[in-house]
Amino acid sequence: MLSAGSYEQTSFKPHVPGNLAGSRNVPHECIHCHITKPSGAPAFPICSGCRLVRYCSREHQTAHWKVHKPFCQPQKHFNENTLQSVRASSEMAPSGLTVKEEMIFQEDDFCRLHMWTLSVAMECLVHEVRYQFVIKKRFMRIGLEYRPNGDGNPAKTFTVKYVMSDDLPDESGPPTPIDVQISAMAKQYDSYVGTPGYRGLLNCFYEVEGLPGSVFPIPIYEYNPVRNGPVVSGWYDRMKSMMDNGIVHRLLGGAWKPGVMVKKGKKWVFQERSREALFAEFGVRVLY
Ligand SMILES: [Zn+2]
Ligand SMILES: [Zn+2]
């Protein structure tokens with residue numbers, strides 16, 4: 537689900553009617569071979585099941601199905617059942633989507649934009665409690681609160697209210713869409729094994745008041761002082777102030793670059809800033 541394309545994406549469209557089953561901002565990358573759509577070429581088709589990934593060809597969709605199926609099918613049910621009930625129980629927004637649908641799509645973009653910040657913060661956390669934290673049995677709950685008066689910046693739609701770790705749900709009782717998503721992620725756990733420093737896959741479950749939330753898996757590696765810096769304590773405040781101020785990272789030319797989202801025409805576009813400039817403007821030191 538989270539491909540390199542998710543991290544390289546620098547331009548985000550606002551949500552408008554006519555795209556009810558998924559985010560408008562699904563990266564233009566084939567999830568199987570990782571080629572990116574040449575500019576000017578027609579968009580790669582979106583998977584009609586989950587509506588969250590693209591393929592350059594029918595052959596690559598078929599070749600990827602075994603890997604993709606555990607994620608795609610629960611996501612399809614989630615789209616069909618949960619989004620429908622959300623539609624039924626929410627007022628229309630000026631965009632033509634319901635208020636809650638808009639929030640779900642905005643949450644998806646927000647998570648894509650802040651994934652690097654979050655993954656560094658989670659590495660700090662796992663490092664801090666390294667002998668008590670069993671990644672396979674625990675997951676993170678990240679509580680977000682909607683900002684109704686935001687300026688439309690996709691990196692600032694929510695504020696962070698809390699981060700807490702929790703046990704994975706027990707398997708008695710009918711599975712909720714979140715249970716299904718988490719168990720699908722668990723199947724990806726071993727797919728990173730063999731990568732140097734890999735310690736496990738951490739499931740991050742985003743909660744937004746009154747919404748079903750979404751799950752993103754983050755691969756966790758051995759704590760790296762060169763990358764993460766010597767200071768582990770204070771990771772929560774630094775993560776929160778980065779996210780609340782809309783400071784994001786994008787993977788550009790193989791390196792992580794900090795910056796902010798700036799409105800250009802109808803789109804929001806990443807603008808790189810130096811760490812010094814970000815500190816001068818926001819009083820925030822980025823997390824590594
Ligand atoms: Zn392909
Ligand atoms: Zn799919």
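Sequential numbering of the sequence shown, starting at 537, is according to my numbering.
Every residue, glycine too, gets a C-beta built ideally from N, C-alpha and C.
Please read all numbers here as calculations on a predicted model, not as lab measurements.
- Three or more beta-carbon pairs drawn from the stretch 775-788 and the stretch 692-705 are found closer than 8 Å, and the two stretches are therefore classed as touching.
- Between LEU738 and ILE567, the alpha-carbon positions lie close to 21 Å from each other.
- The beta carbon of SER593 sits closer than 7 Å to at least one heavy atom of ligand 1.
- Within the DSSP bridge table, the entry for ASN739 names PHE675, PRO753 as partners.
- If you keep only unbroken beta strand (DSSP E) runs of at least 3 residues inside the stretch 758-806, you get 784-788, 791-800.
- In the DSSP assignment, THR695 falls outside any alpha helix (DSSP H) and lies within the beta strand (DSSP E) extending over 694-703.
- Rounded to the nearest whole angstrom, the CA to CA distance from SER584 to HIS570 is 19 Å.
- Apart from the 5 residues on each side of it in sequence, TYR728 sits with its Cβ closer than 7 Å to the Cβ of TYR734, LEU737, PRO755 in its chain, given in chain order.
- Taking one beta carbon from each stretch, the stretch 597-611 and the stretch 619-629 have fewer than 3 pairs nearer than 8 Å; the two do not touch.
- Within the same chain, and ignoring the five residues on either side of ARG648 in sequence, the residues whose Cβ sits closer than 6 Å to its Cβ are SER542.
- In the three-state DSSP reduction, SER631 falls in the coil class, being neither helix nor strand.
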